Structures are given as C-alpha cells and as structure tokens.
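Protein chains: 2
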Amino acid sequence: MQYLLYKDLSEEEIENLIKKMIEICKEKGIKVTTQRILIFKELAKKTKEHPAAEDIYEALKDKVYGLSLSTVYRALNTFESLGLVRRIPTADGKAHFEIANEPHGHFICQRCGKVKDIESAHLNNLLKEEVKKQGFNPTECNFVCYGLCKECSN
Amino acid sequence: MQYLLYKDLSEEEIENLIKKMIEICKEKGIKVTTQRILIFKELAKKTKEHPAAEDIYEALKDKVYGLSLSTVYRALNTFESLGLVRRIPTADGKAHFEIANEPHGHFICQRCGKVKDIESAHLNNLLKEEVKKQGFNPTECNFVCYGLCKECSN
DNA sequence: ATTTCTGCAAAATTTTTGCAAGAGG
DNA sequence: CCTCTTGCAAAAATTTTGCAGAAAT
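These protein sequences, in sequence, are chains R and E. Mapping of the first sequence onto this note's numbering: residues 7 to 160, in sequence order. Mapping of the second sequence onto this note's numbering: residues 7 to 160, in sequence order.
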C-alpha cells in the first residue's frame with residue numbers, strides 16, 4: 007500500500023471527493039455552483055500534475071460557457087480556505103494547486119518546473135515532532151526537493 | 007552547537023560571505039558592483055528574516071543614490087544562479103530570499119506570513135536518502151511547515 | 001576599450017476586485 | 001426572495017525587459 011500518491015484518483019474517488027466537497031459547502035453556507043463542481047473535479051483529475059489556476063481554466067473554458075479565470079481563482083481560494091485544496095508555491099511565480107489528501111512531499115524540477123509527489127507519511131511525522139520540539143506549532147508540514155526530473159536528466 | 011540558524015550572522019561571517027561572493031563573481035566574469043555588494047550584504051544581515059526583494063530595496067534606497075527595485079531583482083537572480091542565495095516561494099505571492107547556508111527547514115506563519123528557520127540537518131539527510139530511494143535525484147531538499155507563529159498564537 | 005551593469009520607464013504576468021446581472025437555496 | 005456567485009473589465013501587485021548612459025575589468 008505504498009506510493010499510492012503516484013496513482014491518479016479513480017473515477018470513484020473523484021466522485022467521493024466531490025460529494026465531500028458539496029457536503030462541506032452546504033455546511034458552511036457556501037453555494038454549490040456548476041463552476042465550483044467542475045473546477046474541483048478538474049483539479050481532482052489533475053491533482054498529480056499540480057496545475058496552476060490557468061491550467062484549470064484552459065481545460066474548462068470550452069466546456070463551461072463564459073467561464074472566467076477569476077472564477078477559477080476565486081473557487082480555488084474558497085476551496086483552500088475550506089481545507090479541501092492545498093496551494094503549492096513554486097519558484098515559477100505561479101501558485102499551483104492540489105487536492106488536500108494525505109500530506110506528502112514535492113519534487114520540483116529545476117529545468118521544466120514540473121511538480122511530482124513524494125510519498126512521505128513517515129518522514130512527515132518525524133518532521134512534525136521535531137518541529138514541535140523546536141517550539142513551533144505546525145498545522146501542516148511538507149517538504150520540497152529541487153533537482154532534475156527523469157525526463158530532464160537525459 | 008545546535009540551532010545555529012537562529013543566530014544572526016556576525017559581522018565577521020558577513021564579511022567572509024562577501025569575500026566569497028566577490029571571488030565567485032570574479033571567477034565567472036560577473037562584475038563586482040557597489041549595488042551587488044550592498045544588496046548581498048543587506049540580505050546577509052537579514053537572512054533570518056527572509057526578506058523579499060522589496061524589503062531589501064526599501065532598506066537600501068536611501069543609502070544608494072538612485073537604486074532601483076529592478077536592480078535588486080537582477081542581483082538576487084544573479085546570486086541565485088550562482089548558488090549564493092536561495093529563493094523561498096511562499097504563499098504570499100512574493101519571492102523571499104536567504105543566504106544559501108546549510109540546508110534547513112522553514113516555518114511559515116499562516117497569519118502574518120513571517121518565515122522562520124527550522125534546524126533540520128539530520129532530517130534533511132534522512133529525507134534526501136528517502137527521496138533517492140523513490141527514484142529522484144535531488145540537489146536540494148527543504149522542509150516547509152505551516153502554522154501560527156508564537157506571536158500570532160496569542 | 002570592451003563588456004557588463006544600472007536606472008528608468010514601460011511591459012509582462014499573475015492575482016484580486018468592483019459591480020451589475022444571474023443562479024442557488 | 002434574498003444572498004452569494006459569476007463574468008467582465010479594470011486594477012493591483014510582483015517581476016522582467018529594452019535601452020541609453022555609467023561603471024567595472
């Protein structure tokens with residue numbers, strides 16, 4: 007049961023995430039709009055790729071009549087503050103996003119900028135403990151590695 | 007000898023870093039200008055604070071006649087590509103910088119956005135090994151933690 | 001001398017916001 | 001209905017760039 011994060015989410019997992027998202031929205035009085043559902047779903051499909059807002063917009067703009075980039079930003083910000091989505095600040099000057107699943111690390115390619123997941127539950131726990139020892143009170147710990155991805159090493 | 011990172015660099019350490027920077031610039035045919043020296047020095051003084059380009063600009067603009075923000079950006083980019091300075095992408099939409107000293111983690115406050123260092127040499131080594139096992143070839147690994155800093159928890 | 005760098009202003013990029021019209025509960 | 005959301009355009013914010021003059025080697 008390791009390295010689960012390398013797998014795309016199944017259709018079923020995506021549907022379940024959407025249900026959870028709808029539930030949480032209703033709970034908080036946030037309206038469940040077509041745009042929000044489709045944006046969330048698109049991110050869920052691509053979570054392994056850690057898309058930027060623009061990527062999601064590009065994927066949806068022909069499917070959702072009149073969709074605007076600002077709606078994508080607004081939806082992602084909303085999901086982030088609900089804890090459903092995580093923002094990954096990268097060195098390319100754009101914010102990238104992923105579904106907030108179990109914590110894990112990110113490997114960022116210094117040439118092509120792609121972000122890949124690193125399985126790290128064990129290390130994340132170690133890290134959290136150590137950080138607490140040093141007097142912080144973390145809600146979330148991640149790690150980031152830089153280097154060349156397989157494709158770019160050739 | 008732990009938690010060294012919490013200390014500001016001493017005058018002497020800063021002077022040594024500057025010497026090293028000058029050496030590397032000369033080696034690479036990069037010119038040693040007043041602006042570059044002062045920008046590097048200002049970052050060295052503030053490295054614990056992880057300033058953004060603008061912070062460095064603000065600190066220097068009255069001391070360096072006519073200094074412009076773009077020069078600060080250009081200098082920081084140059085230093086980064088020389089491996090002298092590290093860029094820390096944060097969630098506030100600005101790039102922050104630090105002197106590229108020994109690898110360590112960062113704690114980012116979710117309320118005030120301040121970035122603090124976490125001593126983590128041991129964990130960084132563990133991490134690098136684990137990441138290699140997973141098939142990556144990292145040049146550098148860092149930790150990032152989110153939470154509320156001491157000041158903001160009150 | 002030659003090359004590189006700086007300052008300025010302008011451009012490019014990413015993200016946010018104001019507002020009127022539209023959709024959700 | 002009332003509130004929240006969207007789309008659009010405009011604004012804001014951060015970072016990069018072109019170019020002429022200045023500085024470094």
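For every residue, glycine included, the Cβ atom is placed at its ideal position computed from N, Cα and C. All values derive from a computational prediction rather than experimental measurement.
Of all the CB atoms in chain E, is at least one closer than 8 Å to the CB of Arg93(R)?
Cβ-Cβ to chain E under 8 Å: yes for Arg93(R).
Using 8 Å as the threshold, is the region 80-92 of chain E in touch with the region 119-134 of chain E, meaning 3 or more CB pairs across them?
Flag = no, the region 80-92 of chain E and the region 119-134 of chain E do not touch.
Strictly under 8 Å for the Cβ-Cβ distance: is Val78(R) near chain E by that measure?
Not closer than 8 Å to any Cβ of chain E, the Cβ of Val78(R) fails to qualify, so no.
With 16 other CB atoms within 10 Å as the buried threshold, where does Asn160(R) fall?
Asn160(R) is exposed by the Cβ-count criterion.
Could you check whether the region 65-77 of chain E touches the region 92-102 of chain E, counting it as contact only if at least three pairs of C-beta atoms, one from each stretch, sit closer than 8 Å?
Flag = no, the region 65-77 of chain E and the region 92-102 of chain E do not touch.
Closer than 8 Å, Cβ to any Cβ of chain R: which residues of the region 136-160 of chain E, in chain order?
Against chain R - using a Cβ distance shorter than 8 Å - the residues of the region 136-160 of chain E are Glu136, Val137, Gln140, Gly141, Phe142, Asn143, Pro144, Thr145, Glu146, Cys147, Asn148, Phe149, Val150, Cys151, Tyr152, Gly153, Leu154, Cys155, Lys156, Ser159.
Under the rule that 16 or more other beta-carbon atoms within 10 Å means buried, what is Ala81(R), buried or exposed?
Under this definition Ala81(R) is a buried residue.
Within the continuous beta strand (DSSP E) that includes Thr145(R), where are the two ends?
First-last of the beta strand (DSSP E) with Thr145(R): 143-153.
Among Asn107(E), Gly153(E), Ala50(E), which has the Cα closest to the Cα of Cys147(E)?
Comparing Cα-Cα distances from Cys147(E) to each of Asn107(E), Gly153(E), Ala50(E), the minimum goes to Asn107(E).
Are the C-beta atoms of Phe85(R) and some chain E residue less than 8 Å apart?
Chain E contact via Cβ: absent.
Quick one: is Gly153(R) buried, meaning 16 or more other Cβ sit within 10 Å of its Cβ, or exposed?
Classification for Gly153(R): buried.
Just to confirm the assignment, what range does the beta strand (DSSP E) spanning Arg92(R) have?
From DSSP, the beta strand (DSSP E) with Arg92(R) extends over 91-95.
Which term fits Arg117(R), buried or exposed, when burial requires 16 or more other beta carbons within 10 angstroms of its beta carbon?
Answer is exposed; the Cβ neighbour count stays below 16.
Look at the alpha carbon of Pro144(R) and the alpha carbon of His112(R), and state the distance between them as a whole number of angstroms.
The alpha-carbon atoms of Pro144(R) and His112(R) are separated by roughly 18 Å.
When the distance is taken between beta carbons, is Ile45(R) closer than 8 Å to Ile62(R)?
Result yes, Cβ atoms of Ile62(R) and Ile45(R) sit closer than 8 Å.
Compare the C-alpha of Lys67(E) against each of Gln41(E), Lys54(E), Pro57(E), Ala50(E) and name the closest.
It is Gln41(E) whose Cα lies nearest to the Cα of Lys67(E).
Could you list which residues in chain E have their beta carbon closer than 8 Å to that of Ala81(R), in chain order?
Result: empty, since nearest Cβ-Cβ is about 17 Å, beyond 8 Å.
What number of angstroms, rounded off, separates the C-alpha of Ala97(R) from the C-alpha of Lys47(E)?
Cα to Cα, Ala97(R) sits roughly 23 Å from Lys47(E).
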